[in-house]
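Asker:
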Amino acid sequence: MKLTSLRIISKDIQSAVAFYEQITGIAATWYTEDFAELSGNSITIAIGSTRTMQMFLEDLTDFAGSKSTIIEFMVKNVDEEYEKIKSKVSRIIQKPTTMPWGNRSLLFCDPESNMINFFTPVSEEAVKKFS
30 MKLTSLRIIS KDIQSAVAFY EQITGIAATW YTEDFAELSG NSITIAIGST RTMQMFLEDL
90 TDFAGSKSTI IEFMVKNVDE EYEKIKSKVS RIIQKPTTMP WGNRSLLFCD PESNMINFFT
150 PVSEEAVKKF S
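Residues in the sequence shown are numbered consecutively from 30, following the numbering used here.
Below, the structure is given as structure tokens:
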């Protein structure tokens, strides 16, 4: 089994796609007005409008972000990324902080209130884990 993508459902797909293009530096490929993908070297972020959910089940369109899932991106330097995005993000949950397990972490929300973590391994053990 291979995890290939993460799909985010958005009430405002234009805003969501623009947000993820800004924070990842990846240009989206639009397939329809209701579906776009940002493909990186390890995973694809798919973004669909709430209308796409009606294809699966009627009335499955009441979303308010996830408080139990964090979308994580490993970055070269979390402090530099924080400086780039802090004026573009409406909600920073945690400024860059070194966590007990050895990652330096920045936690913030996307426009749909999904939590995002940018992290950089900094301890010897964490660096080894991601090498």
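All residues carry an ideal CB built from backbone N, CA and C; glycine is no exception. All figures in this text were calculated on a predicted structure; none of them were measured in a lab.
1. Out of curiosity, what's the CA-to-CA distance linking Ser78 and Ala47?
2. Within 10 Å of its beta-carbon, does Asp139 have 16 or more other beta-carbons around it, so buried, or fewer, so exposed?
3. Using a 10 Å radius around the Cβ and a threshold of 16 neighbouring Cβ atoms, would you call Ser39 buried or exposed?
4. Quick check: what's the CA-CA separation for Trp59 versus Ala75?
5. Measuring straight from C-alpha to C-alpha, what distance separates Glu66 and Gly131?
6. Who are the near neighbours of Phe159 in its chain, counting only those whose CB is closer than 8 Å to its CB and skipping five residues on each side?
7. Using C-beta distances below 8 Å, list every residue in its chain close to Lys50, excluding the 5 sequence neighbours before and after it, in chain order.
8. Going straight from the alpha carbon of Leu32 to that of Glu112, what length do you get?
9. Mind checking which residues open and close the beta strand (DSSP E) that includes Arg133?
10. Alpha carbon to alpha carbon, how far is Asp63 from Ala45?
11. Counting along the chain, where does the alpha helix (DSSP H) carrying Met82 start and finish?
12. For Ile122 and Arg36, what's the separation of their Cα atoms in angstroms?
Answerer: Straight from the coordinates:
1. Distance between the alpha carbons of Ser78 and Ala47 is about 13 Å.
2. Per the 10 Å Cβ criterion, buried.
3. Ser39 should be labelled buried.
4. Rounded to whole angstroms, Trp59 to Ala75 spans 10 Å at the Cα level.
5. Near 31 Å, if we compare the C-alpha coordinates of Gly131 and Glu66.
6. Exclusion of the five residues before and after Phe159 leaves Met103 and Pro150 as the residues of its chain whose Cβ lies within less than 8 Å of its Cβ.
7. In the sequence as displayed, the identity of residue 50 is Glu instead of Lys. Excluding sequence neighbours, Glu50 sits near Ala56, Ala57 and Leu67.
8. One alpha carbon belongs to Leu32, the other to Glu112, and they sit about 30 Å apart.
9. Boundaries of the beta strand (DSSP E) around Arg133: Asn132 to Cys138.
10. About 11 Å.
11. Thr79 to Met82 is the extent of the alpha helix (DSSP H) around Met82.
12. Approximately 22 Å between the Cα atoms of the pair.
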